[in-house]
Structure formats: structure tokens, C-alpha cells
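These protein sequence lines are chains A and B, in that order.
Here the first sequence stands for residues 1095 to 1440, numbered as in our numbering.
Here the second sequence stands for residues 1095 to 1440, numbered as in our numbering.
Backbone N, C-alpha and C define an ideal beta-carbon position, used for all residues, glycine too.
Note that the structure is predicted; figures quoted are calculated from it, not measured.
In what follows, a structure is listed as C-alpha cells, so that the remarks can point back to it.
There are 2 protein chains.
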Amino acid sequence: MGRPTIADIAQRVGVSKGAVSFALNGRPGVSEATRARILEVAREMNWRPHSAARALGGARAEAVGLVIARPASTLGVEPFFAQLLSGLQARLSEQQVAMHLLVVEDSAAEIEVYREWTSAHRVDGFILVDPKVRDPRFAALEELDVPAVVLGGPGGHGSLASVWADDREAMLSVVDYLAALGHRRIAHVAGLPGLRHTQRRMRALRDSVKRLGLVDAVSVPTDFSDAEGAAATRTLLSRGRRPTAIVYDSDVMALAGLGVAMEMGVRVPDELSVVAFDDSVLTRVTHPSITSLSRDTFALGGQVAELMLEVIADPAARRDVKTATPRLVVRRSTAPPALGKDTKAV
Amino acid sequence: MGRPTIADIAQRVGVSKGAVSFALNGRPGVSEATRARILEVAREMNWRPHSAARALGGARAEAVGLVIARPASTLGVEPFFAQLLSGLQARLSEQQVAMHLLVVEDSAAEIEVYREWTSAHRVDGFILVDPKVRDPRFAALEELDVPAVVLGGPGGHGSLASVWADDREAMLSVVDYLAALGHRRIAHVAGLPGLRHTQRRMRALRDSVKRLGLVDAVSVPTDFSDAEGAAATRTLLSRGRRPTAIVYDSDVMALAGLGVAMEMGVRVPDELSVVAFDDSVLTRVTHPSITSLSRDTFALGGQVAELMLEVIADPAARRDVKTATPRLVVRRSTAPPALGKDTKAV
DNA sequence: CTTCGGCACTAAACCGCTCTAGTTGCGGGA
DNA sequence: TCCCGCAACTAGAGCGGTTTAGTGCCGAAG
């Protein structure tokens, strides 16, 4: 005999399948004595529910989907994803909810997967990352009418629930700090220009020019890779009037930038201050350690998972959760700018 | 109306459910003309199979399970996992196979999940990581008689298929290289002592003592965290006769060790050579860059996925795949030892 | 002309579970 | 005593597919 089914249990106990179903699901309809017998026998026979059978009846799949449209080879580079995943897992597994994970080529493929998993009842909802400037996924998910949580915002993602951090405020806090140290030439090695949060950060920097009397404030978009981060740094440091501070959109790029600076003989933090827009072991263990905007990515994952579970439980309860704005953790990579020919102390 | 079912299609075309099923699955039993009509209508109605319904009938789940028993918070730290995941994904998504991912507390919970997902037909097979010295999971999976691939080996994992790298050979190549440079005091900051591959590496180092005439060769187990890696380094460097070379079982720990060395004023590579037993961006971008054993984790994931698909297709085809032994990539963190009071050049 | 084989297709069972409608038996109120 | 209501339970439909056992029809062989 294969795995035992409720019919087997029913036969053994001498009741109907229905009674067994009631008993196993803690539903009224059976006496306490019968329920106890049934549970006893079920345990004895090592019975386990068949999720497919349940799902057929319209029950939950007890899984959420995470589809990522990035080249799979770059996934491993960013500590961010793994940490987010960990955080998601930590919260989801409390409720015995699994994650269905898939890496695809592009948004079109991603949407197709949403369609399939939804109609196949494979998952109860989706977590959407990397919101882009004109993002077709929001409309697709709304049309499918499936629970979803967007990581990123605020706004622009239609009626979907979201968890977001204030990227603007975060960028401002970095720029304010650097300006207070005396920096007037601040560069920004940004991430993918198509991403919303990249745009927000770039705008925040631009908006600071007048307010803080910056002399130069340029954002250089990259693909988040260490290679492009290094290249951008090399370009910036080769200019006639080079920046006295660089803000990097990820810790890996900051580390790469640090390497380039050393290689070019630019001393950090004396001649160049470096700030990473993301924190992880990397920023802590390097020398000099890197001043970073620290957000608890693990906790972020937990919040996303929490909201996901809420939305699944009650699809009407869509809401936006603002996470704590990342705090600036000052380490050894930032200092007042050297008094050079084109840098004035305030 | 909800999602269209084959019954809807059948009605619309004017045939039976069976005919539709045959047509949609490319099975004989319908004429080409009818098949074309059915496919046409199915496309028109935007029909998609309901995986739960299929699973009930005993079909594939088109998903493989990966259950990881580690504290979720440490998952993000290691680039290894994310890269492995990427590699797995890259290969699996070619076949439209998804991954079911879950992070649990311990092996017991892991086994329970294997039981559940197996009897629920949630996945077609499992990928098992971190094989331990006495590992109850092998027996459990064999008993469940479900396709599985173990990442690690060789041997000791019963009849399960496996993908493994030769950790012993890899360690020997590192030690040989260091000995050739003139090092005689070599320390090893190892990973979790319960893991098979940790044991293998430790044994390989021990076995080299006589062969290479080493004066000292100690392995210090850790939990893979940067904190313990740093602590172990601190201890090692504080000893009277300190090692002239340290091999780290992960890149993160190597980086942490590098930091400790700098902080203690021990120059790398002049006074201390550092080797990482795992390669990633980290080892490339730091200064000095770290000599590492490089294995292509992304490709490794691909191999595991490949074998998994094979075993699912034909459970009898269990086999062991040996991956390329990691190559030593020499960078700036290794050099001949300084001629100190207790170090002799050869 | 009959018979057989095979093609195209139908009807219905089946997978494991949930859930609704219905049945039985029993105690209590009028 | 009769009827009602309720608790405890059963029977069976239904979820969306797959699959098997037919059924009717046509052409070819005997």
C-alpha cells in the first residue's frame, strides 16, 4: 500500500471519510472520543495530508512565489538577496509556508510565470522585487487578482501592498553628513538606472545641490557589478577635479571602489571618503571599514513576509508598510576632505 | 467564471474532456483537425493546467525541494549559497522546473519536511546540502524512496546520487603550495566541525605534516561566521610561535582574518600569508587581493541540477559526479615567509 | 457479404480531500 | 406521548485533470 489516505483511516476506525476529515482539521462534527481515536490512528499510520488534493478543493497552497528577473549569475554576488531570502524564510516557516523560487530572464517571462502559478494554484501570493520605472508587472498582478506584496515604493504600484524604505530620506542623510564634514564634490555610483529606487536616490542627490551648496554632484549608473563599480570609480577619480566623496549604491561596489582607490594611490579616507548604501559583513571587515547606510535586510524580509501573510489571509487588507529609514553607520572610510587646491573647508 | 477548465474547452469545442486532455498533451487519440481546434480554443480561453489536479493523478510536480538546516540569519552571509542557488536555477528553469525552498532549524525538522513534501507530491526530488558526519537524512530519504542528490561526498551517503568536489586534494594543493613557498607553520581556520568536508580538509592538513615536514599544523573549527573567523585569527596570531600562513574555509572568514591581521599590525603577505578556501568577488576586490581556491559555484549548482533532473527522469540512474577540483588562484595575499627567528627558508 | 481491425472519440472511474445535505438517535419541553 | 432540535455521523458530489474501457464507424481482407 502506498501512503495512507483518509479513507484508510476511516476504514480502520470504522467511520466515514467525512468524520475523519472533520477530526483531522479540528472542525466540529465529531465527538471528542471519536476525534481522539481518529487522531490516534492517523498518527499510528503515519498519515500526512496530500496538499494537491487539498488545493484541488480550493484550499491554500501554503506557499508564496518569488520570481526574480535578473541574470542568475549575478544573484550570488549581492548579499542583499540572500539576506532578504533568509528574512522571508524566517517568518514564513513559522507558518509552515514555503517559498517557490524562480529566476527568469525578463519581466515578460516573470509575468508569464505569475499567470501559470496563479491558475495552477501553486502559490497563494507573490512577492515582487526590483520595481522598475515603467513596470508592466503591477498591472498584470492586479489583473490576475492575486495577493502580492511589492518590495519598494511608495506609490506607482497600483493597488498592491508594499513594503518600502525611504530612499530619498536615506540619501539626504548621507549627503547631509558628507556636506557637514565639508565635502562639496560628491559623486554617486548608482545601480541600474531602470530601478525606481535608483531614480529616487539620484533625484535626492540632485535636489541637494542647491540646498547644500555643492559644487559637483554626479550620479553614474551601473549594473551593480563590482566590475562596473570599479570602472565608474576609475573614471571619477581620473577627472581633473575629482570628487572628495563617493556614495555607492551597494556594498560590493563600494568595496570594489575602495580597491580602485588604493590601486590609484588615493588614500581613504584622507583624500576620498567612501559610503556604501547597504550594509553587510563586507563593510565591517574591510580595512578601512566602510561607513554605510545600514538597513536590516533580514528584518526587511520578515516584514515583507508578514505583510504577505496578512494579504493572503485578507486580500482586502492591502496596505503600505514603511520600514525604518536606514541609519548611517559611521566607520573609518569617511573623514573631512583634505584641504587641496580645489577643496575648501567650511 | 473562474479560470477555464478542460471541461469548458470541451463544451466549447463540442467534444469530451478526454479528447481535450489528449489534444493538450500531444497524445494520440484525436485527429489532427480536432487537435488543432482544441489547441486553438484553449489558447483563446487562456487555459492553463492546474498543477494540483495533475499532481492528484500522480504526475510530476515540476519542482524540486531544497531544505536548508541553518539559522536563517547566517544564510545571507555566505556568497556560496546564493551562487549555488543561482546555478541550480539557471539549469532548472530551462526545464521549467521550479524550486521549493525552506529554511528549518535542524535535521529533524528537515526530515519531517521531506516526509511531508514527498507524500504531498509537492516536489519530484530533493537536493541535500551540508552532509554531516553522522547524517540521519540519508536513511530517511532512502526510506522515502524519493529522488535525491547530495551535494558533497564521496561515499557515506548510501545509495543517493551525489555531486562532490575533492576536498582532500584541494587542501593538499594549498598546503603543497604554501610549503613550496617555504611555510612550515600553517594554520587552518575551519568551518563547522560536524560537516563532512570540514573533516576531510582537517584530515588532509594533518596528513601533510609528515610528508612536508611541517612544524605546526593546527585546525581551528568555527561556525563559518566572520566573528569566529576573526576570533580564531586573533588567537592564532597571539601565540608565541605564530603561523606564517593561515588557510580559511570560507572567503568571509579570510576577509575577517585579513582585517584582524591589519589591526594587529601583522603585514600580509610579508609576515602572514592568507588563503581562502572559496572564491567570490570578495577575494578579488580586497587589498591585498586574496589567494583562493576557486571553484565555480554557479557551475556546481548547474551540475547538481543536471543530476537531479536525471535522477527524477530515471530513479535507477543514480550516480556520483565528481566536479573539477578547485584550482588555486594566486593573488597578493601569499608570499614566502619572512626570515624570522623561528622560520627557516628551505 | 461478412468480419475484423483500427481510428476517433465518449463516458466514467479515479486521485485524496473537503464540504454540504441528509439521516439517525436521543433528550427535553409541551 | 409526540414532536422538535441538536449532536454525531454518513453519503456523495465536486475540485480539474488523466486514463481506461468501451462505442460507433469505416475500409480492407477473406
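- For GLY1359 of chain B, there is no enclosing alpha helix (DSSP H), since its DSSP letter is neither H nor E.
- Looking at B:GLN1190, B:SER1213, B:VAL1244, the one whose alpha-carbon comes closest to that of GLU1204 of chain A is B:GLN1190.
- Here the alpha carbon of MET1139 of chain B sits roughly 11 Å from the alpha carbon of VAL1107 of chain B.
- VAL1135 of chain B places its beta carbon 9 Å or farther from that of ILE1406 of chain B.
- For ARG1412 of chain A, the CB contacts under 8 Å within the same chain, skipping 5 residues up- and downstream, are SER1253, LEU1254, ALA1255, VAL1405 in chain order.
- In the DSSP assignment, THR1385 of chain A forms a beta bridge with A:VAL1369.
- Around ASP1102 of chain A, no beta-carbon contact reaches into chain B at under 8 Å, the shortest distance being about 13 Å.
- Bridge pairing for ASP1414 of chain A: A:SER1256 [DSSP].
- Per DSSP, MET1265 of chain A is not a residue of any beta strand (DSSP E); the alpha helix (DSSP H) it occupies stretches across 1261-1275.
- According to DSSP, PHE1220 of chain A shares a beta bridge with A:GLY1159, A:ALA1242.
- Under the 8 Å Cβ criterion, the region 1192-1199 of chain B counts as touching the region 1173-1192 of chain A, having at least three qualifying pairs.
- Under the criterion of beta carbons closer than 8 Å, LEU1387 of chain B and PRO1420 of chain B qualify as touching, at roughly 4 Å.
- The C-alpha of MET1296 of chain B is placed about 42 Å away from the C-alpha of ASP1224 of chain A.
- LEU1349 of chain B reaches chain A at VAL1375, LEU1376, VAL1379, THR1380, counting residues in chain order whose Cβ is nearer than 8 Å.
- With respect to chain A, the C-beta atom of GLN1189 of chain B has no partner C-beta closer than 9 Å.
- Looking at the backbone, the Cα of ARG1097 of chain A and that of ARG1336 of chain B are separated by about 59 Å.
- DSSP places ARG1279 of chain A in the uninterrupted beta strand (DSSP E) bounded by 1279-1283.
- Every alpha helix (DSSP H) stretch that sits fully inside the region 1271-1353 of chain B and reaches 4 residues is listed by chain position as 1290-1306, 1320-1332.
- Along the region 1190-1216 of chain B, going in chain order, the ones with a CB nearer than 7 Å to a CB of chain A are ALA1192, MET1193, HIS1194, LEU1195, LEU1196, VAL1197, VAL1198, ARG1209, GLU1210, SER1213, ALA1214, HIS1215, ARG1216.
- Cβ-Cβ distances below 6 Å link SER1383 of chain A to ARG1425, ARG1426 in the same chain, with the five nearest sequence neighbours on each side left out; the list follows chain order.
- Look at the beta carbons and you see the region 1200-1217 of chain A not touching the region 1213-1230 of chain B: under three pairs across the two are nearer than 8 Å.
- Between the alpha carbons of LYS1111 of chain B and ILE1103 of chain B lies a distance of about 8 Å.
- By the C-beta criterion, the region 1144-1164 of chain A is judged not to be in contact with the region 1227-1234 of chain B, since fewer than 3 inter-stretch pairs fall below 8 Å.
- Nearest to ARG1300 of chain A by alpha-carbon distance, out of A:GLN1397, A:HIS1282, A:GLY1288, A:ASP1317, is A:HIS1282.
- For GLN1397 of chain B, the nearest beta carbon of chain A is not closer than 9 Å to its own beta carbon.
- Secondary structure of MET1139 of chain A (DSSP, three-state): coil.
- By the CB criterion at 9 Å, SER1319 of chain B and VAL1360 of chain B fall outside the cutoff.
- Assigned with DSSP and collapsed to three states, ALA1192 of chain A falls in strand.
- Beta-bridge partners assigned by DSSP to VAL1423 of chain A: A:SER1386.
- Here ALA1348 of chain B is not near LEU1331 of chain B, since their CB atoms are 9 Å or more apart.
- Beta-bridge partners of LYS1226 of chain B (DSSP): B:LEU1289.
- Against chain B, the beta carbon of SER1388 of chain A has no neighbour under 7 Å; the closest one sits roughly 14 Å away.
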